[in-house]
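Residue numbers (the numbering used here): 367 to 679.
All C-beta atoms in this analysis are idealised placements derived from N, C-alpha and C, irrespective of residue type, glycine included.
None of these values were measured; they are calculated from a predicted model.
As structure tokens, the structure follows; a few thoughts come after it.
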Amino acid sequence: MTQPWTQTAVVGAGTIGLAWAALFAADGLAVRVTDPRPDLDEALDEALPMLADSLPGADVEDLRARITATDSLAEAVGGADLIQENGPERLEAKQQLVAEIAERAPAAAVLASSSSGLVPSDVAARLPDDVAARLLVAHPFNPPQVVPLVELVPGDRTAEHVVVAAQEFYARLGRTPVRLHREVPGFVANRLQSAVMREAISLVLQGVVSAEELDTVMKASLGGRYATIGPFESFHLGGGPGGIRHMMNHLGAGMARQWDQLGSPELTDEAVAEIIDQTEAAYGSGESAYAARARRRDRRHHAINHVLNTEET
């Protein structure tokens, strides 16, 4: 990135798109947001107070002053240095949307998709080489303005300088960009989350613990551990001076046998109803419960981010 980008566009104003817009604006960037929804301005005005609360030091009026809502895709992407696409998670719909964006965007604009699972080579399959060279996935972990991870996934035709520029851009926003070395559906964080969620649902449906108790187990053990170190470093430390070599030699075979005992729950109507009932009983439902718990989550996550950022070694 020879000089800092100043103009961004957000295409798609759902939860993720609005969060990106607030994050971009909080960094001082000009943001144009577009979405076919008829209440786009109202949606922005309703979302920004809570988003500002989750961005330390942010002011609602300052954020709103940097964000322009428009129903015109051409107006939104015209002049943009980077365009964050947040369309439906369906391949053909995303292919069409990205093609429409590329037709209207500057020839040098970076096309970043927030896709949570579609690989960029598939999204770019119908695009000419010069456009495919500027396309990559920049997948956030929800909520993007709080959780720092951004998975950067280049496609088979993505230019190297585009990946480097994107890494610099998201790092400038205070994010933690991690570049994947190869494309895999679902990427990394969602695949890990899915594996944990599968076993969590299995344990609850077996009656081993309730949904609320399982969350307590996670928060009081792995949640806190993995906020400070990842699975491999944790395993390495667990082996004492012998490290992961000791752990694999002594516990590896048993661990592998235990994988065969992990659950594969079927999400029948009854199973889904049970999971929903237990979760809503524990945490409430509706707008007010959501707002209160989301604010609590964001405060706690920012506190963790602050500690980790001040103790980087």
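Residue range of the beta strand (DSSP E) that includes residue i
i, result
"Thr542", "542-545"
"Leu448", "448-451"
"Pro370", "Element bounds for Pro370: n/a, residue is neither H nor E."
"Pro454", "Premise fails: Pro454 is in no beta strand (DSSP E) and is neither H nor E."
Contact belief for residue i with residue j at Cβ below 8 angstroms, rounded distance in angstroms
i, j, result
"Gly521", "Ala490", "5 angstroms"
"Ala478", "Gln450", "5 angstroms"
"Glu661", "Met416", "The sequence given here places Arg at residue 661; Glu does not occur at that position. Confirmed, Cβ separation roughly 7 angstroms."
"Pro509", "Asp664", "7 angstroms"
"Gly620", "Met613", "Not a contact, Cβ separation roughly 11 angstroms."
"Arg564", "Gly608", "So it is not a contact: roughly 31 angstroms between Cβ atoms."
"Pro307", "Ser568", "This structure cannot speak to residue 307, because the chain is shown only from 367 to 679."
Classification of residue i by the beta-carbon crowding that lies within 10 angstroms, buried from 16 upward
i, result
"Lys460", "buried"
"Gln624", "exposed"
"Val570", "buried"
"Ala475", "buried"
"Phe390", "buried"
"Asp361", "Absent from the structure is residue 361, since the part of the chain shown begins at 367 and ends at 679."
"Met514", "For the record, residue 514 in the displayed sequence is Pro; it is not Met. With 16 or more Cβ atoms within 10 Å of its Cβ, Pro514 is classed as buried."
"Arg492", "exposed"
"Pro551", "exposed"
"Gly378", "buried"
"Arg541", "buried"
"Leu674", "exposed"
Own chain, CB closer than 8 angstroms to residue i, minus 5 neighbours either side, in chain order
i, result
"Phe553", "Ser482, Gly483, Val503, His505, Glu517, Val519, Leu546"
"Asp635", "none"
"Ala440", "Arg470"
"Pro370", "Arg538"
Residues near residue i by beta carbon distance below 7 angstroms, same chain, minus five either side
i, result
"Pro422", "His668"
"Val512", "Ser420, Asp664, His667, His668"
"Thr372", "Leu395, Ala396, Asp447"
"Ser576", "Val570, Gln644"
Nonlocal neighbours in the same chain, by C-beta distance under 6 angstroms from residue i, ignoring five residues either side
i, result
"Leu384", "Ala413"
"Ile610", "Phe601, His602"
"Ala387", "Val376, Val397, Val399, Ile433"
"Ala442", "Ala375, Arg398, Thr400, Thr436"
"Ala498", "Ala490, Arg523"
Span of the alpha helix (DSSP H), counted from its first residue to its last, around residue i
i, result
"Val562", "555-571"
"Thr676", "653-676"
"Ala586", "Careful: Ala586 lies outside any alpha helix (DSSP H) and carries neither H nor E."
"Gln633", "The identity of residue 633 in the sequence shown is Leu, whereas the question assumes Gln. It is not in any alpha helix (DSSP H) - Leu633 carries neither H nor E in the DSSP assignment."
"Glu526", "526-538"
Scan the stretch 458-507 and note each continuous beta strand (DSSP E) run of 3 residues or more that stays entirely inside, going in chain order.
Given a length threshold of 3 residues, each whole run of the beta strand (DSSP E) inside the stretch 458-507 is given here in chain order: 476-479, 501-506.
In chain order, what are the residue ranges of uninterrupted beta strand (DSSP E) at least 3 long that sit wholly in the stretch 393-448?
DSSP runs (the beta strand (DSSP E)) wholly in the stretch 393-448: 396-400, 433-436.
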